[in-house]
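Take the sequence shown: its position 3, counted from the start at 1, is 18 in my numbering, and no numbers get skipped. Heads up, the thing below is written out as structure tokens.
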Amino acid sequence: MPIVELNTNVKVDDVKAFTVSMNKASAAAFGMDGYVTCSYHYDESLIFAGTHAPAFVMRVTTLGNGTDKNEGFAKSLFGFLEKELGVPENRGIFNDPGTVNLAHKSTTFAVLLK
Numbered sequence: 016m017p018i019v020e021l022n023t024n025v026k027v028d029d030v031k032a033f034t035v036s037m038n039k040a041s042a043a044a045f046g047m048d049g050y051v052t053c054s055y056h057y058d059e060s061l062i063f064a065g066t067h068a069p070a071f072v073m074r075v076t077t078l079g080n081g082t083d084k085n086e087g088f089a090k091s092l093f094g095f096l097e098k099e100l101g102v103p104e105n106r107g108i109f110n111d112p113g114t115v116n117l118a119h120k121s122t123t124f125a126v127l128l129k
């Protein structure tokens, strides 16, 4: 189940409506009908490249999907954020830690998913 955590300095009027829309866009990006968890966090102090212009940091956890697919995920999700929040693609960061950097039960998910 992918997890998409968005931190941004762009405030949305209706957080619930936005997260529903983000969840649908994320599910489409990952090729899933559901089972995507999304969260939105507003942070007026977020600074990117030295300015407080609209920006975001997105952490995406996609266990088992492979980081080789991240370029497609990033393209889709960056497009969504530009359309919905007006944040240009050069004002955001996408981070997927991958299975080798996440641990559970005293080992990494790379080992657990073998």
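Positions of the beta carbon are idealized from the N, C-alpha and C atoms, including for glycine.
Relative to the C-alpha of Phe45, which candidate in Leu61, Val27, Ala118 and Met16 has its C-alpha closest?
Taking only the C-alpha atoms, the option nearest Phe45 is Met16.
So Thr123 and Thr114 are in contact, right, with Cβ under 8 Å, and what is the actual spacing, rounded?
Contact holds; Cβ gap of about 6 Å.
Among the candidates Val75, Lys84, Ala70 and Asn85, whose CA atom is the shortest distance from the CA of Pro103?
Answer by Cα proximity: Ala70.
To the nearest whole angstrom, what separates the beta carbons of His119 and Leu127, a pair I think is in contact under 8 Å?
Indeed they touch by this definition, with Cβ atoms about 6 Å apart.
Can you tell me which of Ser36, Phe63, Ala40 and Gly49 puts its alpha carbon nearest to the alpha carbon of Asn22?
When only C-alpha atoms are compared, the closest one is Phe63.
Cα-Cα, which of His56, Lys39 and Ala42 is closest to Asp28?
Cα-wise, what sits closest to Asp28 is His56.
So within the segment 26-65, which uninterrupted alpha helix (DSSP H) runs reach at least 4 residues, ignoring any that extend past its ends?
Runs found: 30-45.
Measuring alpha carbon to alpha carbon, tell me which residue in Arg74, Ser54 and Lys31 is nearest Ile108.
Checked all of Arg74, Ser54 and Lys31; the closest Cα to Ile108 is Arg74.
I'd like to check one pair, Leu92 with Ser41: are the Cβ atoms closer than 8 Å?
The answer is yes: Cβ separation under 8 Å.
Starting from Glu20, follow its DSSP beta bridges and name the residues at the other end.
BP columns for Glu20 point to Ser54 and Arg74.
Might you give, ordered along the chain, the residues of its own chain that have their beta carbon closer than 7 Å to the beta carbon of His67, omitting 5 neighbours on each side?
Asn24, listed in sequence order.
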